[in-house]
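Undergrad: The structure is given below, and queries will be raised subsequently.
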Amino acid sequence: MLLSASEWAIVALSLKVSLVAMAATLPVAYGLAWLLARKRFPGILLLDALVHLPLVVPPVVTGWLLLILFGRHGPIGSFMEDHLGIVLVFRWTGAALAAAVMALPLMVRAIRLSIESVDRRLEEAARTLGARPLRAFLTVTLPLSVPGILAGSVLGFARSIGEFGATITFASNIPGETRTLPLAIYTGLQMPGGEEMVTRLALISVGLSIAALVASEWLVRRSGAKLGQGGGHVL
Amino acid sequence: MSSEMSSEPIFEIKLTRRVGDRLIDLNAISHAPLTALVGPSGAGKTTTLNCIAGLLKPERGRIVVAGRVLFDSALKINLPPEKRRVGYIFQQGRLFPHLNVAANLAYGEKLHAPEERWITQGEVVQFLGIGHLLDRLPVTLSGGEARRVAIGRALLSAPKFLLMDEPLTSLDAARGEEILRVVERIRDELALPVLYVSHAMTEVERLTDSVIRLEA
Numbered sequence: 000m001l002l003s004a005s006e007w008a009i010v011a012l013s014l015k016v017s018l019v020a021m022a023a024t025l026p027v028a029y030g031l032a033w034l035l036a037r038k039r040f041p042g043i044l045l046l047d048a049l050v051h052l053p054l055v056v057p058p059v060v061t062g063w064l065l066l067i068l069f070g071r072h073g074p075i076g077s078f079m080e081d082h083l084g085i086v087l088v089f090r091w092t093g094a095a096l097a098a099a100v101m102a103l104p105l106m107v108r109a110i111r112l113s114i115e116s117v118d119r120r121l122e123e124a125a126r127t128l129g130a131r132p133l134r135a136f137l138t139v140t141l142p143l144s145v146p147g148i149l150a151g152s153v154l155g156f157a158r159s160i161g162e163f164g165a166t167i168t169f170a171s172n173i174p175g176e177t178r179t180l181p182l183a184i185y186t187g188l189q190m191p192g193g194e195e196m197v198t199r200l201a202l203i204s205v206g207l208s209i210a211a212l213v214a215s216e217w218l219v220r221r222s223g224a225k226l227g228q229g230g231g232h233v234l
Numbered sequence: 000m001s002s003e004m005s006s007e008p009i010f011e012i013k014l015t016r017r018v019g020d021r022l023i024d025l026n027a028i029s030h031a032p033l034t035a036l037v038g039p040s041g042a043g044k045t046t047t048l049n050c051i052a053g054l055l056k057p058e059r060g061r062i063v064v065a066g067r068v069l070f071d072s073a074l075k076i077n078l079p080p081e082k083r084r085v086g087y088i089f090q091q092g093r094l095f096p097h098l099n100v101a102a103n104l105a106y107g108e109k110l111h112a113p114e115e116r117w118i119t120q121g122e123v124v125q126f127l128g129i130g131h132l133l134d135r136l137p138v139t140l141s142g143g144e145a146r147r148v149a150i151g152r153a154l155l156s157a158p159k160f161l162l163m164d165e166p167l168t169s170l171d172a173a174r175g176e177e178i179l180r181v182v183e184r185i186r187d188e189l190a191l192p193v194l195y196v197s198h199a200m201t202e203v204e205r206l207t208d209s210v211i212r213l214e215a
């Protein structure tokens, strides 16, 4: 299938936004997943609800909340602009932030399942063998939760590729900057004679999502088989 | 094993710990290098071992092994597990599933300074006859093989004493006999204090006449 140069640019932008969103969210998602899986503290239910909020709130509302917080007059946005010189609204980095927030709950869920499946008694064994808590985490918990990290990353990537509502609200629909695949498809639908481009981009978009899901399942099965845990179904 | 000559006890275990609605209240002293801890299922044998290893905190008490105070509620001493120098052989082995046998054996060894270690990986491999297993992942080991690797991993972590939690569980008679011989050699050749948990008196009578009883 032949895409025009501008259509390839849309695919490339989508990949860039999604990869950055995924990579930036991963450590945050792992930390949250670990807290939710391993710790009991007051407010844990509230934290759990906050993490899951983007999953249940209309994406346009999430985008609007991002605009309030990270907009140029928002508390975080104005601080970042004044002190770090970073502006997110109407930039591709803003699209990545929107995608990251939308991907976060899915990534936390996949990683959390995988941390919960790590036998805590293995961590205890590591402690009796001389490992301090941090080392026990790095040498036992972290490697054993790799299936969840892989599954969560691919899932977060796929979710980012498809992100529409929060992105168009927060980062707008700017060609070459924030017009990712879904936004380009939406724009094509509004244009007379845009059907062919829409078809091509839609097929690309479906192909990317299927590839991501297959990759995720394959990675999970492979690491699961290596650890003798059978096939994983983290999704 | 004579148990009357030394005035310094090897195991001094006084502890109170509630588990659910059961109260474990133990006050025992033993002078024997190999001491058995016996009692019916649910009497708190594993809980007691976990308290000695530092994985559980007793509500109060005092735990001293071979002259080292591991826990003393009155003196506010509570060493973390990694400082207790314990070789804990768990009932289910608990080998690290993502590491091969050689890496499992080396795990605790690497966490201790050379001057703290008293046995090498080569010696452990020979002592337990596990040289042919070094490249294998734990999931591929038989029950008896996994048990021997777990013992090796504990010995290499430079322990000053061992806790063995029913090490014959789920082994057939022949494999159980192998492990029992290993325990006898640990007692006779390594001179390492061992607290051996079991509910089988035949096994215990063969190993030691120094027995601590936990009532249900």
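Taken in sequence, the protein lines are chains A and B.
Numbering that gives the first Met the number 0 numbers the first residue of the first sequence as 0 and each following residue consecutively.
Numbering that gives the first Met the number 0 numbers the first residue of the second sequence as 0 and each following residue consecutively.
C-beta atoms are modelled at their ideal positions from N, C-alpha and C, and glycine is treated no differently.
Just so you know, these numbers come straight off a predicted model, no measurement behind them.
1. Compare the C-alpha of Ala150/A against each of Pro191/A, Ala135/A, Ser77/A and Leu103/A and name the closest.
2. Could you tell me whether any Cβ in chain A is nearer than 7 Å to the Cβ of Glu115/B?
3. I need the boundaries of the beta strand (DSSP E) containing Ala35/B, first residue and last residue.
4. Would you please state the rounded distance, in angstroms, between the beta carbons of Val193/B and Leu33/B? I believe it to be under 8 Å.
5. With DSSP collapsed to three states, give me the class of Asn172/A.
6. Would you say the segment 15-34 of chain B touches the segment 42-53 of chain B, given that touching needs at least three Cβ pairs under 8 Å?
7. Are the C-beta atoms of Thr127/A and some chain B residue less than 7 Å apart?
8. Within 10 Å of its beta-carbon, does Arg119/A have 16 or more other beta-carbons around it, so buried, or fewer, so exposed?
9. Under 7 Å, Cβ to Cβ, is there at least one residue of chain B near Glu123/A?
10. Where do the ends of the alpha helix (DSSP H) carrying Asn103/B lie?
11. Which first and last residues belong to the alpha helix (DSSP H) in which Ile43/A is found?
12. Once you ignore the five residues that flank Ser204/A on each side, which residues in its own chain have a CB closer than 6 Å to its CB?
13. Have a look at Pro96/B and Pro41/A and give me their C-alpha separation to the nearest angstrom.
14. Is the shortest distance between the beta-carbon of Leu55/B and the beta-carbons of chain A less than 7 Å?
15. Can you look up Ile129/B in the DSSP assignment and give me helix, strand or coil?
16. Compile a chain-ordered list of the residues in the segment 159-188 of chain B whose CB is closer than 8 Å to at least one CB of chain A.
17. Looking at the C-beta of Ser156/B, does it have a partner C-beta in chain A at a distance below 7 Å?
18. Is it true that the segment 151-167 of chain B meets the segment 91-105 of chain B, where meeting means three or more beta-carbon pairs spaced less than 8 Å apart?
19. Given a cut-off of 7 Å, decide if Val18/B and Thr46/B are closer than it, judged by their beta-carbon atoms.
20. Below 8 Å, how does it come out for the segment 153-169 of chain B and the segment 114-121 of chain B: are there three or more Cβ pairs, yes or no?
21. With H, G and I counted as helix, E and B as strand and the rest as coil, what does DSSP make of Leu162/B?
22. Taking the Cβ atom as the reference point for each residue, do Pro58/A and Ala165/A lie within a distance shorter than 7 Å?
23. Going along chain B, which residues have a C-beta under 7 Å from Thr52/A?
24. Quick one: residues in its chain with C-beta nearer than 6 Å to the C-beta of Arg61/B, no 5 flanking neighbours on either side, listed in chain order?
25. For a contact meaning CB atoms closer than 9 Å, what does Arg152/B contact in chain A?
26. Determine the DSSP secondary structure at Glu11/B, reduced to helix, strand or coil.
27. Quick one: Cα of Val16/A to Cα of Glu6/A, how far?
28. Once you ignore the five residues that flank Arg184/B on each side, which residues in its own chain have a CB closer than 8 Å to its CB?
29. With the cut-off set at 7 Å, would you say Ala23/A and Ile110/A are in Cβ contact?
30. With H, G and I counted as helix, E and B as strand and the rest as coil, what does DSSP make of Ile23/B?
31. Residues of chain A with CB closer than 9 Å to the CB of Glu216/B, please, in chain order.
32. If you measure beta-carbon to beta-carbon, which residues of the segment 90-106 of chain B are closer than 7 Å to chain A?
33. Any beta-carbon of chain B closer than 7 Å to the one on Pro142/A?
34. Hey, out of Ser6/B, Asn49/B, Arg16/B and Gly38/B, whose CA is closest to His30/B's CA?
35. Using alpha carbons as the reference points, say which of Phe78/A, Pro146/A and Glu123/A lies closest to Ser113/A.
36. For Arg120/A, return the contacting residues in chain D, with the cut-off set at a CB-CB distance below 8 Å.
TA: Straight from the coordinates:
1. Leu103/A
2. no
3. Leu33 to Val37
4. 5 Å
5. coil
6. yes
7. yes
8. exposed
9. yes
10. Val100 to Glu108
11. Ile43 to Val55
12. Leu180
13. 34 Å
14. no
15. coil
16. none
17. yes
18. yes
19. yes
20. yes
21. strand
22. yes
23. The question names Thr, yet the displayed sequence has Leu at residue 52/A. Residues of chain B passing the Cβ test: none, with the nearest at roughly 34 Å.
24. Lys13 and Asp71
25. Ala124 and Leu128
26. strand
27. 15 Å
28. Phe126
29. no
30. strand
31. Because chain B in this structure spans residues 0 to 215, residue 216/B falls outside the shown range and cannot be described.
32. Arg93, Phe95, Pro96, His97 and Tyr106
33. yes
34. Ser6/B
35. Pro146/A
36. No chain D appears in this structure, whose protein chains are A and B.
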